[in-house]
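The structure under discussion appears below in the form of structure tokens.
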Amino acid sequence: MEFKEELKEIIKNAIFHTVGTNAKSYLKRFRDNYLEFNSFYISPSSKINNNINVMNENDKEIDIFTSDATYDQFCLVLTAFGYIKNVNGNWKIINKELSTKQIADNIFSKSLNKNVSIYRQSKIITLLVNLNIINESNYQDFKLKGKRTNQVKIKNLKAEVSPWEKDVCLDAELITYCLKKIENYEFIKKEK
């Protein structure tokens with residue numbers, strides 16, 4: 002019980018970012034369309050046809066997004082998990098396969114990009130939801146804030162749980178590892 006109280010103080014007023022599409026969909030899209038390439042970028046002609054045409058390093062189209070927001074969230078999720086990084090406006094694929102522990106290490110690292118850090122801390126929060134440390138009866142005690150709202154709904158927290166959180170929950174050592182990391186993690190918070 003004392004541990005939950007300690008967590009409440011660490012997490013209280015933390016910003017939670019909802020991406021709308023569960024990370025699982027973006028990770029599947031990445032595995033299906035990108036793994037045989039080293040980098041990708043948006044085609045300059047994307048501004049003309051209103052679709053986001055994604056090209057590989059050989060200037061071949063490999064994917065199409067229907068909005069900037071969806072493409073941006075796709076890149077945010079992959080960056081947060083540690084699969085890609087932005088290099089001069091193009092995306093370099095830095096990992097094609099990661100273990101659950103490697104993803105945990107990436108999730109618990111800070112980024113110079115505040116949006117990536119907020120998304121990473123959101124994954125930490127959804128891990129706590131999947132562990133039932135944050136649940137229906139206590140989630141309001143954590144006073145989680147949305148990026149644009151002052152309250153986060155429990156159904157949104159549950160909807161954001163990805164395969165990573167589920168995989169962590171299958172490994173007692175990894176659960177302990179992640180919970181210890183939370184004790185020293187500095188959450189980005191929204192004060193009033």
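For the sequence shown, this note's numbering gives the first residue as 2, with consecutive numbering after it. From the three backbone atoms N, C-alpha and C, an ideal C-beta is built for every residue, glycine too.
Contact under 8 Å by Cβ, residue i with residue j
{"i": "Thr16", "j": "Lys159", "result": "Residue 16 is actually Ile in this sequence, not Thr. No. Outside cutoff."}
{"i": "Ile63", "j": "Phe41", "result": "yes"}
{"i": "Ile94", "j": "Tyr140", "result": "no"}
{"i": "Ile155", "j": "Leu8", "result": "no"}
{"i": "Leu77", "j": "Val117", "result": "yes"}
{"i": "Ile134", "j": "Lys29", "result": "no"}
Exposure label - residue i; buried when at least 16 CB within 10 Å
{"i": "Ala173", "result": "exposed"}
{"i": "Gln74", "result": "buried"}
{"i": "Ser163", "result": "buried"}
{"i": "Asn136", "result": "exposed"}
{"i": "Ala24", "result": "buried"}
{"i": "Val88", "result": "exposed"}
{"i": "Lys124", "result": "buried"}
{"i": "Leu113", "result": "exposed"}
{"i": "Lys111", "result": "exposed"}
{"i": "Glu187", "result": "exposed"}
Close Cβ partners of residue i (< 8 Å) along its chain, the five nearest in sequence each way excluded
{"i": "Met2", "result": "In this prediction, Met2 scores a pLDDT of 44, lower than 50, which makes its location untrustworthy; no coordinate-derived value is stated."}
{"i": "Asn52", "result": "Ile65, Phe66 and Thr67"}
{"i": "Glu192", "result": "Asn14"}
{"i": "Asn107", "result": "Ala81, Phe82, Gly83, Leu99 and Arg121"}
{"i": "Lys97", "result": "Leu36 and Tyr84"}
{"i": "Lys146", "result": "Asn14, Ala15, Ile16, Phe17, Gln152, Val153, Lys190 and Lys191"}
{"i": "Gln103", "result": "Gly83 and Asn96"}
Neighbourhood of residue i by C-beta, 6 Å cutoff - its chain only, sequence neighbours within 5 removed
{"i": "Asn1", "result": "The displayed coordinates of the chain run from 2 to 193. Any statement about residue 1 would go beyond what the structure contains."}
{"i": "Ile119", "result": "Ile16, His18 and Ile189"}
{"i": "Asn157", "result": "Thr19"}
{"i": "Asn91", "result": "Ser40 and Tyr42"}
{"i": "Asn151", "result": "none"}
{"i": "Val55", "result": "Phe41, Ile63 and Asp64"}
Candidates the options, of which the one nearest residue i by Cα
{"i": "Asn39", "options": "Lys146, Tyr27, Asn57 and Lys144", "result": "Asn57"}
{"i": "Phe82", "options": "Asn89, Thr101, Val88 and Ala70", "result": "Thr101"}
{"i": "Leu128", "options": "Thr71, Asn54, Glu166 and Ile176", "result": "Glu166"}
{"i": "Thr71", "options": "Lys86, Tyr27 and Lys124", "result": "Tyr27"}
{"i": "Ser44", "options": "Phe31, Asp60 and Leu145", "result": "Asp60"}
{"i": "Cys179", "options": "Ser46, Ile126 and Asp33", "result": "Ile126"}
{"i": "Asn50", "options": "Arg32, Asp69 and Asp33", "result": "Asp69"}
Close beta carbons around residue i, own chain, < 7 Å, minus the five adjacent residues each side
{"i": "Cys170", "result": "Asn131, Leu132 and Ile176"}
{"i": "Lys86", "result": "Thr80, Lys93 and Ile95"}
{"i": "Asp168", "result": "Thr101"}
Beta strand (DSSP E) segments (min. 3 residues) lying fully within the segment 105 to 147 = Runs of the beta strand (DSSP E) inside the segment 105 to 147: none found.
ask   = Where in the segment 35 to 73 do unbroken runs of the alpha helix (DSSP H), each at least 4 residues long, occur, reported from the N-terminal end onward?
value = As far as the segment 35 to 73 is concerned, its whole alpha helix (DSSP H) runs of at least 4 residues are 47 to 50.
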